[in-house]
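The structure appears right after this line, and notes come after that.
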Amino acid sequence: VYRDATQLYGIIHSRYIISPRGLQVMRDKFIKGTFGTCPRALCDSQHVLPIGMSEELQTAMVKIFCPKCEQVYSPKSKYKDLDGAFFGTSFPQMFMMTYP
Numbered sequence: 222v223y224r225d226a227t228q229l230y231g232i233i234h235s236r237y238i239i240s241p242r243g244l245q246v247m248r249d250k251f252i253k254g255t256f257g258t259c260p261r262a263l264c265d266s267q268h269v270l271p272i273g274m275s276e277e278l279q280t281a282m283v284k285i286f287c288p289k290c291e292q293v294y295s296p297k298s299k300y301k302d303l304d305g306a307f308f309g310t311s312f313p314q315m316f317m318m319t320y321p
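Our numbering numbers the first residue of the sequence shown as 222 and each following residue consecutively.
In structure tokens, the structure reads:
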């Protein structure tokens with residue numbers, strides 16, 4: 222039951238973060254650097270965004286997307302064990318279109 226509830230919450234979360242209110246909340250987290258920084262030296266500690274590599278649950282873990290170099294990396298933080306479907310494949314693109 223716990224696993225099913227976690228998956229349901231994750232699916233709801235992936236829809237919420239692309240809503241206007243969800244994008245605002247994620248913008249605040251992005252500005253604070255909640256998801257970490259780009260590991261690439263040339264990006265000068267650019268804050269990153271979470272991205273899923275699949276919309277299907279239990280297919281791939283969350284990755285981080287750097288808006289500066291436009292590369293995807295594996296996170297080295299507490300977020301590395303999250304299912305990528307909880308963020309979806311289009312979140313960074315929606316975020317960057319809303320907050321260029």
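Backbone N, C-alpha and C define an ideal beta-carbon position, used for all residues, glycine too.
Values in this document were obtained by computation on a predicted structure and should not be read as measured data.
A Cβ-Cβ distance of about 10 Å is found for the pair F308 and I285, leaving them out of contact under the 8 Å criterion. Selection T227, D225, P260 and A226 evaluated against L270 yields P260 as nearest (Cα-Cα). Secondary structure in the stretch 256-281: the beta strand (DSSP E) runs of 3 residues or longer, each lying completely within the stretch, are 270-272 in chain order. Remark: C-beta atoms of G231 and A281 do not approach each other more closely than 8 Å. Secondary structure note for I252: its alpha helix (DSSP H) is the uninterrupted segment P241 to K253.
A distance below 8 Å separates the beta carbons of Q267 and C287. For a cut-off of 8 Å, the C-beta gap from Q228 to L278 is around 5 Å, short enough to register as a contact.
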